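Asks:
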Amino acid sequence: MVCECWRCGVERDSPVVLAPVWDWGWAFDEKAYLSSKLLKAGEDPYRQHAFNQLESDKLSSDRPIRDTRHYRCTSVRYDPDLPATSLIITFHNEARSTLLRTVKSVLNRTPPSLIQEIILVDDFSSDPEDCQLLTKIPKVKCLRNTRREGLIRSRVRGAEVATADILTFLDSHCEVNSEWLQPMLQRVKEDYTRVVSPIIDVISLDNFAYLAASADLRGGFDWSLHFKWEQIPIEQKMSRTDPTQSIRTPVIAGGIFVIDKSWFNHLGKYDTQMDIWGGENFELSFRVWMCGGSLEIVPCSRVGHVFRKRHPYDFPEGNALTYIKNTKRTAEVWMDEYKQYYYEARPSAIGKSFGSVAERVEQRRKLNCKSFQWYLENVYPELKVPEKELIPGIIRQGGNCLESWAQDTTGSMLAGMGNCKGTVNNPPVTQVRWASA
Ligand code: LR7
Ligand code: MN
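Shown next, in the form of structure tokens:
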């Protein structure tokens, strides 16, 4: 289907085939790497990785994919001297076929001069060779954790050994598309405080088809700190005259982004007391915006990712508790008085232990970051504060209400802040006077 209107959301069907540009197969025995981990006859292909491993194993590691960019992206020119980047890919028990395809797609679709190195951080996978054997591939380095750390500490470990000035993070089951890196590097080169993500295309977890994602989405969330893709606000959408222009986003999905290394370090890397998976994308996103940077999606950059419906790995402390710990740390450090809405939306977080956040609070103070109120007003005004609903005569704020409860002798309404009563006969804790009209 051919789409004339770039806003209509249907992607052009491009016949472009992306051919591999390097021939280095002599150094690495790909067949041996893959064949030792093939599924056994009759084995459930979804069991180990929560995607159809059989389909992935069948596909070539060099398979061509459709160029899903808007056609206008193909004529955009980038600086010839863009900086090189260190790629960081952390994984725990990734399927060999998807891990290898991630690495090869990077090598095949990125100008060699832009890749300083590909750092694989093996987060204590069962088989050390999943990672080790890949170091036969040019530019690939492998770090192995001596115990399970989770993706947050693993990424920090990767970032600490990275030698390039720019860091690029990727999940371990991705395929990068044509010219994916240049538009992101360009934006970061122009302004090192920008943290940029591609449009994340979908690789089907069932048949591994590469599907174009809508170009009209950005990252959002609700008060429980649950990530969701959402439509760009209509005013912003209408004012976009150029489909190659970046899209400001309140949060990033978290797995695929480019950041200047000194900026990453200056902002405090990640909160390394967060475990396994989840929440770090909010913490990073709030930190970037509130401490003087910005987040954007670069539409001319496309990277495919296998989205799954469940985690294929275990969480030593349990999935729910880990998510609570990580998001609670985020709320406690960054959300100021608005954290009450997080607790209202996620009451199970109340009373749960989350370690000390003193260091992160101190970091925020040192960086002189803006308030969460500033973030809400300037970055994410679409996230409505739930309690500002007005019941006639009552203004709710958290568990408290500003309620009118009597008239004084002058006819002014007396009102007060206290436990919500919803009646005029229960005097609240503190009183304020509203002059009657
Ligand atoms: O203990 C672990 N150690 C790891 O190294 C658990 C996971 N990992 C690795 C894992 O192998 C993978 O490479 O971390 C990466 C992310 O884990 P996934 O792929 O199981 O989770 P996901 O795709 O749901 O992850 C999304 O949300 C995470 C929240 O913590 C991270 O931010 C991921 O990077 C993020 N992925 C993306 O943003 C890609 C787009 C998907 C979306 C939305
Ligand atoms: Mn993933």
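For what it's worth, UniProt numbering labels the leading residue of the sequence shown as 1, then goes sequentially.
For each residue, glycine too, the CB sits at the ideal point set by N, CA and C.
For clarity, every value in this text was computed on a predicted model and none was experimentally measured.
How is residue 471 classed by DSSP in three states: helix, strand or coil?
Replies: Residue 471 cannot be examined here, being either before or after the span of the chain that is shown, 1 to 437.
Asks: May I ask which residues mark the beginning and end of the alpha helix (DSSP H) holding Cys131?
Replies: 129-132
Asks: Using a threshold of 8 Å, state whether the C-beta atoms of Ile297 and Ile247 are closer than that.
Replies: yes
Asks: Between the C-alpha atoms of Pro347 and Lys228, what's the straight-line distance to the nearest angstrom?
Replies: Taking the straight line joining both Cα atoms gives about 20 Å.
Asks: Residues around ligand 2, please: the ones whose beta-carbon is closer than 6 Å to some heavy atom of it, in chain order.
Replies: Asp171, His173, Gly255, His305
Asks: Say yes only if the C-beta of Thr90 is nearer than 7 Å to one or more non-hydrogen atoms of ligand 1, and no if none qualify.
Replies: yes
Asks: Please indicate yes or no: does the CB of Lys208 lie closer than 7 Å to some heavy atom of ligand 1?
Replies: Position check: residue 208 holds Phe in this sequence, whereas Lys was assumed. Not under cutoff, so the answer is no.
Asks: Assuming contact is defined by CB atoms lying nearer than 8 Å, are Phe354 and Lys370 in contact in what I supplied?
Replies: no
Asks: Tell me the DSSP secondary structure of Phe227 in three-state form.
Replies: strand
Asks: To the nearest angstrom, how far is it from the Cα of Val288 to the Cα of Gly158?
Replies: 20 Å
Asks: Taking all protein chains shown into account, do 16 or more other C-beta atoms lie within 10 angstroms of the C-beta of Val106, making it buried, or fewer, making it exposed?
Replies: Burial of Val106 is indicated by the presence of at least 16 other C-beta atoms within 10 angstroms of its C-beta.
Asks: Near Ala27, which residues of its chain fall below 8 Å by C-beta distance, leaving aside the five closest residues on each side in sequence?
Replies: Within the same chain, Lys136, Ile137, Pro138 come within 8 Å of Ala27 by CB-CB distance, once the 5 residues on both sides are set aside.
Asks: Could you spell out where the beta strand (DSSP E) holding Gly304 opens and where it closes?
Replies: 294-306
Asks: Note down the Cα distance separating Asn281 from Leu151, rounded to an integer number of angstroms.
Replies: 11 Å
Asks: Suppose you measure from the CA of Asn378 to the CA of Lys189; what does that come to, to the nearest Å?
Replies: 24 Å
Asks: Just confirm the distance between the C-beta atoms of Glu382 and Val357, as a whole number of angstroms; I'd bet it's less than 8 Å.
Replies: In this structure Glu382 does not touch Val357 by the C-beta definition: roughly 27 Å separates them, more than the 8 Å allowed.
Asks: Check each candidate in Ala162, Met335, Gly292, Thr74 and name the one with the smallest Cα separation from Asp222.
Replies: Met335
Asks: For Tyr313, which of Ser36, His49, Leu34 has the nearest alpha-carbon?
Replies: His49
Asks: Just to confirm, are Gly304 and Ile203 a CB contact at a threshold of 8 Å?
Replies: yes
Asks: Roughly how many angstroms separate the alpha carbons of Lys37 and Tyr46, rounded to a whole number?
Replies: 14 Å
Asks: Going by Cα to Cα distance, which pick from Ser294, Ser239, Glu337, His266 is closest to Lys366?
Replies: His266
Asks: Assess contact between the segment 114-132 and the segment 73-81, defined as three or more Cβ pairs (one per stretch) separated by less than 8 Å. Is contact present?
Replies: no
Asks: Give the range of the beta strand (DSSP E) segment to which Lys141 is assigned.
Replies: 140-144
Asks: By a C-beta neighbour count over all protein chains shown, 10 Å radius and 16 as the cutoff for buried, is Thr146 buried or exposed?
Replies: exposed
Asks: Report the partner residues of Asp165 according to the DSSP bridge assignment.
Replies: Beta-bridge analysis with DSSP links Asp165 to no other residue.
Asks: Of all the options Phe51, Ser60, Trp180, which has the alpha carbon lying nearest to the alpha carbon of Ser35?
Replies: Ser60
Asks: Along the alpha helix (DSSP H) that carries Glu94, what are the first and last residues, could you check?
Replies: Where Glu94 is concerned, there is no enclosing alpha helix (DSSP H), given that its DSSP letter is neither H nor E.
Asks: Helix, strand or coil for Phe51, going by three-state DSSP, please let me know.
Replies: coil
Asks: Tyr210 by DSSP, collapsed to three states: which one?
Replies: Strand, per DSSP.
Asks: According to DSSP, is Thr85 helix, strand or coil?
Replies: strand
Asks: So what's residue 447 in DSSP terms, helix, strand or just coil?
Replies: What the structure shows of the chain is the stretch from 1 to 437, and residue 447 is not part of that stretch, so it cannot be assessed.
Asks: Taking Cβ to Cβ, would you say Thr102 is nearer than 8 Å to His173?
Replies: yes
Asks: Thinking C-beta only, is Thr110 closer than 8 Å to Ala212?
Replies: no
Asks: When we look at the beta-carbon of Val251 and count the other beta-carbons within 10 Å, is it buried (16 or more) or exposed?
Replies: Buried.
Asks: On the criterion of 16 or more Cβ atoms from any shown chain inside 10 Å, does Asn326 qualify as buried, or is it exposed?
Replies: Asn326 is buried by the Cβ-count criterion.
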